[in-house]
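Undergrad: From first to last, the protein sequence lines stand for chains A and B. According to this note's numbering, the first sequence is numbered sequentially starting from 1. According to this note's numbering, the second sequence is numbered sequentially starting from 1001. Where a beta carbon is used, it is the ideal one built from N, C-alpha and C, also for glycine. Note that the structure is predicted; figures quoted are calculated from it, not measured. Shown below is the structure under consideration.
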Amino acid sequence: MRRSTGVCLVVLCLLITACGRLGTGLPGCRTPASEPNAATVLSLQAVPEAEYSPCINSLQLGWDEVDFQVERGLAQLEFEHGIESFLEVRLTPSCEIGGAIEVPSGIEGVSRHENVYQVTDAISVTIIPDGERSSVYAEGLAADLAGAHVDDRPVVFKVDADIDFSVRSRVNKALFTDQFVWIVNDLDIDDRTLEMRATPDGEGARGIEVDDALDRIEDMSEEIQYRGQWFFQFEGGCITYDFDAEGTLATSIAEDAEATLGFYPSSELRDAARDAGFDLIGEPTQ
Amino acid sequence: MDRQDQSPGNPGAVARELDLVGGRREFKIAGITVAGRRRRPSGEAAPLPRDLRGAAQLWLLLGVLTLLIWVWLFVVPTSTQWWTDQDYKVLTWLVDMRTDALTSVANGFNFLTSEWFIRVLRIGTLLSLIFVKRWRHFFAFLIAVLIVEGTGDVLQDMIGRQRPLVPILADWEGASHPSRPLGSLAVTLGAMAYSLLPHGFRRRAVLVGSGVLMLLVAVSRVYLGVEHPSDAWVSLLFAPAVAVLTFRLFAPEAAFPVTWKRGVTAHLDVSGRRGEAIKHAVRDQLGIEVVAIEPFGQEGSGGSTPLRLELAPDDSHPEDYLFAKLYSQTHLRSDRWYKVGRTILYGALEDELRFTSVRRLVEYEDYIQRLMRDSEIPSAAPFGIVEITPEREYLMVSQFLFGSEELTEAEVDVAVIDDALGVIRKLWDSGLAHRDIKPANVMLRDGRVVLIDVAFGTVRPSPWRQAVDLANMMVILALRTDAKLVYERALLQFDSYDIAEAFAATRSVTLPSQSRSSLALLKREKGVDLVREFNEMSPHAEPISIQRWSTRRLGLTLGAAFLAMLVLSVVISELSGGGIL
């Protein structure tokens, strides 16, 4: 065979195979018009007793890089952005939920637990005045800095001037919810300075100017992120959403995941197979 | 007409030879009677037919058949149903046979397809090949594995076949077709047999044993419900086919026989079938009876397989031997890679274009050899080209310079120096360059200098190349005498500026490795730097740059860098435990 003929044949074969209708594909969610594709059946085969398997309703913008892996005991969808994976969805026979908090699943027979660490886009700073005059100064600071942004993230200032509590207790309370606390006393008023404390250790610096304080917030702020797991447990299996997103992707990932992903009723598929004479889990064929 | 006058060394010999065409069936070249030549009739097989026969043909057929089935699946997706129906007939039968004991046995066979077992086999084989420095087999092994793993990976995803719809009793991964674990094991066992075992009974026995073992493993995996029968048998056909064909193409047995000794040469094995074919071909095509063939001077030759042909006693000529060079596809590829390497390292020095076929390679060498003789450059008389396998193997037969010795081993006096420099002068005057003037190629016979191995010769070379020929010859002569004497004798035939140019052009790359090592030895033992001495004696000349950049060189360099990175990434991937092996 001449080399050019061989090359033509190989190119033809590639074209034919590339245009072919076969392929594993991705597990799509059930619609009235759709039939289960190979990926859906393989997911069922990975965990044959599972009531549900993960499926894709429609891909969101930026969610189109999906890798589907399947093996005995595991079906996994991995969503990537560039080379970074931001979400893994796994179907396994069981899962360890640890200290996750239960939330309503909205699906009968499915329990849902979440264990999420989230950094939202706004940065909260609590200003705590230490003295009468400084209360006015604190209110003035909050008003002056309203609408400030750090790293394109809005900074929300609130003043805790509740004199019924000591400064120390107010600081501890603020650090529990917010990352940054500014303490101002009467001596700071003339110099327009403040003392800043930040999580996690509550250590701070005294006598720093407002602009320097904002710079420090910029340096110390965590990036917007959404990390953690959602667990969906049901008869015969568990689906885990493992999030690891940051930046703009993290701001809407929870809503996007809800919209993108769904549950395929594997039990119906399994029953249909059994009706056709195929038994996947060793039960007597009807 | 005096037959001795037909020697190509004699002026007018070519013209007289032409008179013989179709007229006479017998004449002499350099004392050898060339008679009784026989034309191979149409349809008769060549002396050594192409080696892709027997098992290779069968595997090629099976490989192509598998590819056609795959293409057919894509052209007519509904055809998958027919395969599925056949698969389930076998599957159901095997599933119905399931017992605990049989399941244990099947799991035992299935263990052989585990990732770690295969990895141990592959890494063990590669380490063994590195130890015995069998690089051809090393790369052929890697290529075969890469083809099977790559094809399996792509097709598994493209075809996307579900696993059998039966209870599955063993671990699995990915889609069902083709069976990757079976393909991985089959290509590994096949490639191991071809790279580690010498041709013969042992290899055949291991291949047959591996085949039986693979069948048992395949049946076990189908029994366990991991794969459909068609997934298994397609891999059992495809993977061994890739192993067989890869080794036949990249490390053919004839050129790279597996022996249990360290090291390997690029020389063809001339015993057995090839040896007989050579004798037969020389008898038919040159009318010369060869009784024995033996390798000759292989250590100094990488571009061909040099041979000494022992002739049957014949009163009509005094010669007992002929010299021959066997050229094959392997040498053609080596020549190409050598030129690619030189282009990357130095740029296109001169005439680095590759030959497109073995025929073109030998035709060129034969032409240069005859041109040298016609130009009265003393060299071995050519007897012609003998076809061993059409387009793939040719033998170049020439006079055997009996009683000659390398110039660096002979007694060199002023007459020899003049003669040797005179040869270079003749090359210059004839518009020729030898391009490989080194001790092994400059012989002394009956007190006269003779050049051999003119394969690299060129017509109308660049002035730079001519200068390099002169410098190399002067270095060889000075190795046996001294630089001052050689320089003084050279001035009788060359201008001092010619000599200055010659040494301005001399770099380590322009000196053959044999000369380089002799120079290094002289410098180490006696502290003599011949090139520097020549440079000091000759007028000043600016060094001639030989580094030339071109788009081709840039492309080749980038390609080589990319390949190196690819190899590095595979190594890193292996070390991190997630690679192809």
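Confirm, please, whether the CB-CB distance from B/S1328 to B/V1358 is below 9 Å.
TA: For B/V1358 and B/S1328, yes; Cβs fall inside 9 Å.
Undergrad: Just to confirm, are B/I1288 and B/L1309 a CB contact at a threshold of 9 Å?
TA: Contact flag set, yes.
Undergrad: Decide if the stretch 1228 to 1245 of chain B is in contact with the stretch 1061 to 1071 of chain B; the criterion is three or more beta carbon pairs, one per stretch, under 8 Å apart.
TA: These segments touch.
Undergrad: Give the secondary structure of A/V47 by DSSP, where H, G and I count as helix, E and B as strand, and everything else as coil.
TA: If DSSP states are grouped into helix, strand and coil, A/V47 belongs with coil.
Undergrad: If you measure between the beta carbons of B/L1236 and B/A1186, is that distance less than 9 Å?
TA: Yes.
Undergrad: Hey, could you find the ends of the alpha helix (DSSP H) A/Y52 is sitting in?
TA: Unbroken run through A/Y52: none, as it is neither H nor E.
Undergrad: With a CB to CB cut of under 6 Å and the five nearest residues on each side skipped, what residues in its chain are close to B/R1024?
TA: In this prediction, B/R1024 scores a pLDDT of 39, lower than 50, which makes its location untrustworthy; no coordinate-derived value is stated.
Undergrad: For chain A, find out if any of its Cβ atoms is closer than 9 Å to the Cβ of B/G1183; answer yes or no.
TA: No - not a single Cβ of chain A is within 9 Å of the one on B/G1183.
Undergrad: Can you tell me whether A/L249 is helix, strand or coil according to DSSP?
TA: Looking at A/L249 - three-state DSSP - the assignment turns out to be helix.
Undergrad: Just list the beta strand (DSSP E) runs in the stretch 1059 to 1102 of chain B, keeping only unbroken ones of 3 residues or longer that don't cross its boundaries, in chain order.
TA: Runs of the beta strand (DSSP E) inside the stretch 1059 to 1102 of chain B: none found.
Undergrad: From the DSSP output, which residues share a beta bridge with B/V1105?
TA: None, per the DSSP bridge assignment.
Undergrad: Does the separation of the CB atoms of B/D1320 and B/L1332 fall below 9 Å?
TA: Result no, Cβ atoms of B/D1320 and B/L1332 do not sit closer than 9 Å.
Undergrad: List the whole-angstrom C-beta distance separating A/T260 from A/S135, where the pair is believed to meet the contact cut-off of C-beta under 8 Å.
TA: Between A/S135 and A/T260 the Cβ distance is about 49 Å, and since that is not below 8 Å, they are no contact.
Undergrad: Tell me whether A/T31 counts as near the ligand NAD, meaning its Cβ is closer than 8 Å to at least one heavy atom of that ligand.
TA: The ligand NAD is not part of this structure, which contains no ligands at all.
Undergrad: Strictly below 9 Å CB to CB, what residues from chain A border B/L1171?
TA: It should be noted that the sequence gives Asp, not Leu, for residue 1171 of chain B. Within 9 Å Cβ-Cβ: E71, R72 and G73.
Undergrad: Check whether the Cβ of B/P1167 lies closer than 9 Å to any Cβ atom in chain A.
TA: For B/P1167, the answer is yes, since a Cβ of chain A falls inside 9 Å of its Cβ.
Undergrad: Taking B/E1227 and B/S1176 to be in contact with their CB atoms under 8 Å, please state how far apart those CB atoms are, rounded to whole angstroms.
TA: Between B/S1176 and B/E1227 the Cβ distance is about 6 Å, and since that is below 8 Å, they are a contact.
Undergrad: For B/L1371 versus B/D1335, is the C-beta distance shorter than 9 Å?
TA: Taking 9 Å as the Cβ cut-off, B/L1371 and B/D1335 do not qualify as a contacting pair.
Undergrad: Taking the alpha-carbon positions, what's the A/D279 to B/T1188 distance?
TA: For A/D279 and B/T1188, the distance between alpha carbons rounds to 35 Å.
Undergrad: Can you tell me whether A/R274 is helix, strand or coil according to DSSP?
TA: Reduced to three states, the DSSP call for A/R274 is helix.
Undergrad: Quick one: what does DSSP say A/A146 is sitting in, helix, strand or coil?
TA: Correct three-state label for A/A146: coil.
Undergrad: Distance cutoff 9 Å, beta carbons only. Does B/Q1057 sit that close to anything in chain A?
TA: False, the Cβ-Cβ gap to chain A never drops below 9 Å.
Undergrad: Between A/D271 and chain B, is there a C-beta pair that is closer than 9 Å?
TA: So, not an interface residue.
Undergrad: Quick check: the stretch 213 to 228 of chain A against the stretch 138 to 150 of chain A, are at least 3 beta-carbon pairs closer than 8 Å?
TA: Taking 8 Å as the limit for Cβ pairs, the verdict is that the stretch 213 to 228 of chain A does touch the stretch 138 to 150 of chain A.
Undergrad: Considering only residues of the same chain and omitting the five flanking positions on each side of B/G1263, which have a CB-CB separation below 6 Å?
TA: Reliability of the predicted coordinates at B/G1263 is poor, the pLDDT of 46 falling under 50, and the value obtained from them is presented with this limitation in mind. Around B/G1263: K1133.
Undergrad: What are the uninterrupted segments assigned as beta strand (DSSP E) that are 3 or more residues long and contained completely in the stretch 120 to 167 of chain A, given in chain order?
TA: If we require 3 residues or more, the beta strand (DSSP E) runs fully inside the stretch 120 to 167 of chain A come out as 123 to 130 and 153 to 159.
Undergrad: So B/L1479 packs on B/T1408, CB below 8 Å; how close in whole Å?
TA: That pair is a contact at about 6 Å.
Undergrad: Between B/R1180, B/I1159, B/V1217 and B/A1410, which has its C-alpha nearest B/V1076's C-alpha?
TA: Nearest C-alpha to B/V1076: B/I1159.
Undergrad: What residues match up with A/E209 in a beta bridge as DSSP calls it?
TA: Per DSSP, A/T193.
Undergrad: Ignore the nearest five residues each way along the sequence and tell me which others in B/T1246's own chain have a CB closer than 8 Å to its CB.
TA: The residues are A1140, I1143, A1144, I1147 and A1191.
Undergrad: Locate the alpha helix (DSSP H) running through B/V1234, then write down its first and last residues.
TA: First-last of the alpha helix (DSSP H) with B/V1234: P1229 to F1250.
Undergrad: Determine the direct distance from the alpha carbon of B/T1481 to that of B/V1414, and round the result to whole angstroms.
TA: So the alpha carbons of these two residues sit roughly 9 Å apart.
Undergrad: Do you know how far the Cα of B/R1354 is from the Cα of B/R973?
TA: As displayed, chain B neither begins before 1001 nor continues past 1581, which places residue 973 of chain B out of reach and without an answer.
Undergrad: Out of B/L1451, B/T1356 and B/S1179, which has the shortest C-alpha to C-alpha gap to B/R1435?
TA: Residue B/L1451 is the option with its Cα nearest to B/R1435.
Undergrad: So that I know if they touch, is there some Cβ in chain B lying closer than 9 Å to that of A/V41?
TA: Yes - at least one Cβ of chain B is within 9 Å of the one on A/V41.
Undergrad: Output yes if chain B places a C-beta closer than 9 Å to the C-beta of A/F278; else output no.
TA: Yes, contact with chain B.
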